[in-house]
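K.L.:
In my numbering, the protein residues as written are 2 to 262.
#1: Around the Cβ of residue 174, are there at least 16 other Cβ atoms within 10 angstroms (buried) or fewer (exposed)?
#2: Going by DSSP in three states, residue 204 sits in which element: helix, strand or coil?
#3: Which partner residues does residue 159 have in the DSSP bridge list?
#4: Among the residues of its own chain, which have a CB less than 6 Å from the CB of residue 211, if the five just before and after it don't count?
#5: Between residue 160 and residue 245, is the Cβ-Cβ spacing less than 7 Å?
#6: Could you pull the start and end residues of the beta strand (DSSP E) that residue 230 belongs to?
#7: What residues match up with residue 257 in a beta bridge as DSSP calls it?
#8: Roughly how many whole angstroms lie between the Cα atoms of residue 196 and residue 258?
#9: By a C-beta neighbour count over all protein chains shown, 10 Å radius and 16 as the cutoff for buried, is residue 286 buried or exposed?
#10: Measure the CB-CB distance between residue 260 and residue 191 and report whether it falls below 7 Å.
#11: Nearest to residue 243 by CA position, among 163, 151 and 65, is which residue?
#12: Beta-carbon within less than 6 Å of residue 152's beta-carbon, same chain only, minus the 5 sequence neighbours each way: which residues are those?
#13: Give me, in chain order, the residues of the same chain whose beta-carbon lies closer than 7 Å to that of residue 264; leave out the 5 immediate sequence neighbours on both sides.
#14: Just to confirm the assignment, what range does the beta strand (DSSP E) spanning residue 169 have?
#15: Where does residue 185 sit, in a helix, a strand or coil, going by DSSP?
#16: Under 8 Å Cβ to Cβ from residue 189, same chain only, skipping five residues before and after it: list those, please.
#17: Can you give the Cα-Cα distance for residue 225 and residue 218, rounded to whole angstroms?
#18: Relative to the C-alpha of residue 169, which candidate in 256, 193, 201 and 249 has its C-alpha closest?
#19: What are the boundary residues of the beta strand (DSSP E) that includes residue 244?
#20: Excluding the 5 residues preceding and the 5 following residue 255 in the sequence, name in chain order all residues of the same chain whose CB lies nearer than 6 Å to its CB.
#21: Which term fits residue 66, buried or exposed, when burial requires 16 or more other beta carbons within 10 angstroms of its beta carbon?
#22: Give the range of the beta strand (DSSP E) segment to which residue 191 is assigned.
#23: Around the Cβ of residue 70, are there at least 16 other Cβ atoms within 10 angstroms (buried) or fewer (exposed)?
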């Protein structure tokens with residue numbers, strides 16, 4: 002648009018120059034009819050002035066549009082840089098917290114480690130019972146959709162692979178990396194993060210769960226798992242852990258979403 006307006010201005014300038022240089026020749030060859038030549042020239046000048054005014058207006062509009070696009074591009078670049086910095090800061094904080102946890106557990110004896118696992122299992126079992134009582138499954142067995150079955154099959158194939166923050170496979174995953182890749186394998190593109198999956202996918206009641214649905218955890222939707230049926234989910238739990246099958250109530254559930262409603 003800008004180059005077209007600039008070219009139009011150039012053409013008009015060349016045309017006006019040619020017409021101006023021809024005026025004496027027109028006057029001499031007209032037989033001395035000065036009044037007629039004057040009106041003819043005045044009409045020509047007015048027409049060229051109008052065209053020039055239009056071209057200048059277009060040039061100013063094109064210049065303004067280019068300036069706006071440049072500013073928008075710069076703002077987008079700055080937002081992307083801020084987001085990348087925030088993500089990096091989040092990763093560093095997660096790494097520090099993981100090191101702190103490792104330091105706390107490194108000195109546990111064998112019996113202490115065993116007792117810790119037993120306590121975790123007891124708490125999970127109790128939470129699972131409370132969850133199923135509060136959200137009993139609906140009547141009958143809900144079969145997964147064709148896409149849901151493909152997503153579940155893919156998720157099961159990833160069991161045992163390590164959790165790595167920000168990873169999307171194929172050798173490691175974080176929680177939403179696993180769910181987004183499982184559904185991508187099934188031919189359905191879904192948002193990348195657990196927060197966006199909770200925000201943008203279709204929410205369903207927990208009593209209507211079918212295999213392939215996504216379970217969202219914690220108040221700020223910071224974890225996600227894929228429902229495998231029979232009260233179990235597949236998920237990438239946390240740094241230092243591996244993709245595994247767990248009871249649905251291993252953590253506080255806030256709801257469920259369906260990628261293929």
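Glycine included, each C-beta is placed from N, C-alpha and C at the ideal position.
Nothing here was measured: the structure is a model prediction, and the numbers come from that model.
P.N.:
In short:
#1: buried
#2: strand
#3: Partner(s): none; residue 159 has no beta bridge.
#4: 143 and 145
#5: yes
#6: 224 to 230
#7: 205 and 216
#8: 11 Å
#9: With the chain covering 2 to 262 only, the question about residue 286 has no answer from this structure.
#10: yes
#11: 163
#12: 183, 184, 187 and 213
#13: Only positions 2 to 262 of the chain appear in the structure, and residue 264 is not among them; the question remains open.
#14: Premise fails: residue 169 is in no beta strand (DSSP E) and is neither H nor E.
#15: helix
#16: 148, 152, 260 and 261
#17: 6 Å
#18: 193
#19: Taken as a continuous stretch (DSSP letters only), residue 244 belongs to no beta strand (DSSP E), as it is neither H nor E.
#20: 217
#21: exposed
#22: Taken as a continuous stretch (DSSP letters only), residue 191 belongs to no beta strand (DSSP E), as it is neither H nor E.
#23: exposed
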